[in-house]
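Residue numbers (UniProt numbering): 1 to 361.
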C-alpha cells in the first residue's frame, strides 16, 4: 500500500467507504491503536459565511500582523504530498497562541453593550485566559481567571490577572467563572443561555483563515485543526463550508480528552472524563453547544492522539524551524497517525496544518 498522509482529502473518490467509518488505526510510529472517525457526508454540508468586519477590526490593533504560512517541502516529500503548509500561530498579537483573535473581538463587541464594565472573568486551560487577561490590562480593566488543576498560573498572573485554581477539571473551572458576580464573563465555550459572547470569539478566529486565503498559493485539499471544545474548529468549518468547493476538514484532540470524537460517534454532544495531558489547551470534556452543529455537520473526520505522538510532532516541527507546543503539534501527529488509511491521494494534494501555539517556556 502506497503511503500518503492526506487522510481525508480524497475519500470522496474512494470506493466502498461506509457513510460513517469508525475504527481504530494503527500508528506506524508507535504501534498503538488510535481512535478515529471518518464522515464522507460532511463534504456536502454548507453554512452561511462569517462576518466581514472582524479582519478590519484586527487591523486596527497596534500589534496586528498576519502570522506566517510556512511551507515544509521536506515533509511533503516524505509524505508523498504535493505541498504541506503550517499556519504558525506561535506569535499572535504579542502572545504565543491564536487565542487573542477571539478574545479581542469578543471583548470589543461585549463592551459596546456594557461600557461600564470594570472586571472581566473567564476560565481557561491555557492560552484563552492569558489573552483575556492581556486585553483587560491593555484596556485598564481587571481580570479574574479560573484554571483547572495542572494549568500553569504564572503566564496569566504575569498579565496582572487574579488567578484561581479550582479543585477539578476545565468544566469545573467554567462553572466557577460563570458564577462570579460583578464581572463580565468572556468564555470561549457556550451552553444554553450563554451563546452570544462565545459566538463572537469564534468570529474572531476567522482572521486566521482569511490570512490563509491570502497566503496560500493553491487551493487547500485538507485543513487539520486541533480541538478542545471546538470553537476554532467551528470557525474553520464556517469559513470553508460557506464555499462551493470546500477542502476536507479533520480535527485532532488528545486521546485522554476526546470529547468531539466521542460526541460524533454518539451523534450528539456528550461529556467525557478527562485525564492529564501535555496538550493542556485541548483538555476539555464537553463540546461547545454552539460549535456542535458545525462539528457534527462539517467535520470530515476526527482523530485522537497520544501525548507521545504530539511530542514527536513538536520535535519534528522544531527541527524544520517551526516553534510549536503540544497543542500546535497535534495536527501533524494526527496527520501522521492516519496517513495510511486513504492511499489513493498523492503528489498533487495540498495540506494545511494549524499550529495554534508556540512551545511552552
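Here a beta-carbon is modelled for each residue, glycine too, at the ideal position from N, C-alpha and C.
Distance CB(residue i)-CB(residue j) smaller than 7 Å
i: residue 226; j: residue 282; result: yes
i: residue 309; j: residue 324; result: no
i: residue 173; j: residue 121; result: no
i: residue 231; j: residue 291; result: yes
i: residue 184; j: residue 114; result: yes
i: residue 274; j: residue 169; result: yes
i: residue 124; j: residue 141; result: no
i: residue 112; j: residue 135; result: no
i: residue 229; j: residue 335; result: no
Whole-angstrom C-beta distance between residue j and residue i, which should lie under 8 Å
i: residue 82; j: residue 256; result: In fact, because the Cβ distance is near 34 Å, the residues do not count as touching under 8 Å.
i: residue 332; j: residue 299; result: With 8 Å as the limit, residue 332 and residue 299 do not qualify as a contact, their Cβ atoms being about 18 Å apart.
i: residue 200; j: residue 109; result: 5 Å
i: residue 89; j: residue 357; result: 7 Å
i: residue 364; j: residue 285; result: Beyond the ends of the chain as shown, which are 1 and 361, falls residue 364; an answer cannot be given.
i: residue 289; j: residue 195; result: 7 Å
i: residue 301; j: residue 37; result: 6 Å
i: residue 221; j: residue 351; result: 7 Å
Same chain, Cβ closer than 6 Å to residue i, neighbours up to 5 away in sequence not counted
i: residue 235; result: 202, 205 and 206
i: residue 162; result: 144
i: residue 215; result: 69
i: residue 31; result: Residue confidence for residue 31 is low, a pLDDT of 45 falling below 50, so the modelled location carries little weight; the figure read from the coordinates is stated next. So no residue of the chain qualifies.
i: residue 64; result: 58
i: residue 254; result: 277, 279 and 282
i: residue 246; result: 240
i: residue 218; result: 350
Straight-line gap, residue i to residue j (C-alpha atoms, nearest Å)
i: residue 322; j: residue 187; result: 29 Å
i: residue 156; j: residue 265; result: 35 Å
i: residue 160; j: residue 166; result: 19 Å
i: residue 270; j: residue 233; result: 17 Å
i: residue 50; j: residue 238; result: 6 Å
i: residue 92; j: residue 86; result: 15 Å
i: residue 94; j: residue 84; result: 26 Å
i: residue 360; j: residue 320; result: 18 Å
i: residue 132; j: residue 149; result: 19 Å
i: residue 52; j: residue 243; result: 15 Å
i: residue 139; j: residue 62; result: 13 Å
i: residue 44; j: residue 294; result: 13 Å
i: residue 47; j: residue 261; result: 21 Å
Check: residue i C-beta below 6 Å from any heavy atom of the ligand PLP
i: residue 127; result: The model depicted lacks the ligand PLP and carries no ligand whatsoever.
Cut-off 7 Å between Cβ atoms - residues of its own chain near residue i, not counting five sequence neighbours on either side
i: residue 55; result: 207 and 210
i: residue 179; result: none
Beta-carbon contacts of residue i that lie in its chain and below 8 Å, excluding the five residues immediately before and after
i: residue 347; result: 80, 81 and 82
i: residue 278; result: 307, 310, 311 and 326
i: residue 147; result: 123, 124, 125, 129, 153, 156, 163, 164, 165, 166 and 173
i: residue 171; result: 271, 284, 285 and 286
i: residue 297; result: 42, 45, 47, 237 and 241
Cutoff 7 Å: residue i Cβ touching any chain D Cβ
i: residue 82; result: Any reference to chain D falls outside this structure, which holds one protein chain only.
Item checked: Segments assigned alpha helix (DSSP H), at least 4 residues, entirely inside the stretch 132–171 -> Counting only runs that start and end inside the stretch 132–171, the alpha helix (DSSP H) elements of at least 4 residues fall at 154–157.
Item checked: Whole runs of the alpha helix (DSSP H) within the stretch 248–304, excluding any shorter than 4 residues -> Those alpha helix (DSSP H) runs which fall completely within the stretch 248–304 and span 4+ residues are 259–266 and 292–298.
Next item on the list: Return the chain-ordered ranges of every alpha helix (DSSP H) run that is complete within the stretch 74–137 and spans a minimum of 4 residues.
Entry: Here the runs fully enclosed are 100–113.
Checklist line | Complete beta strand (DSSP E) runs within the stretch 164–230 (minimum length 3 residues, chain order) | finding: Fully enclosed beta strand (DSSP E) runs of 3 or longer: 222–226.
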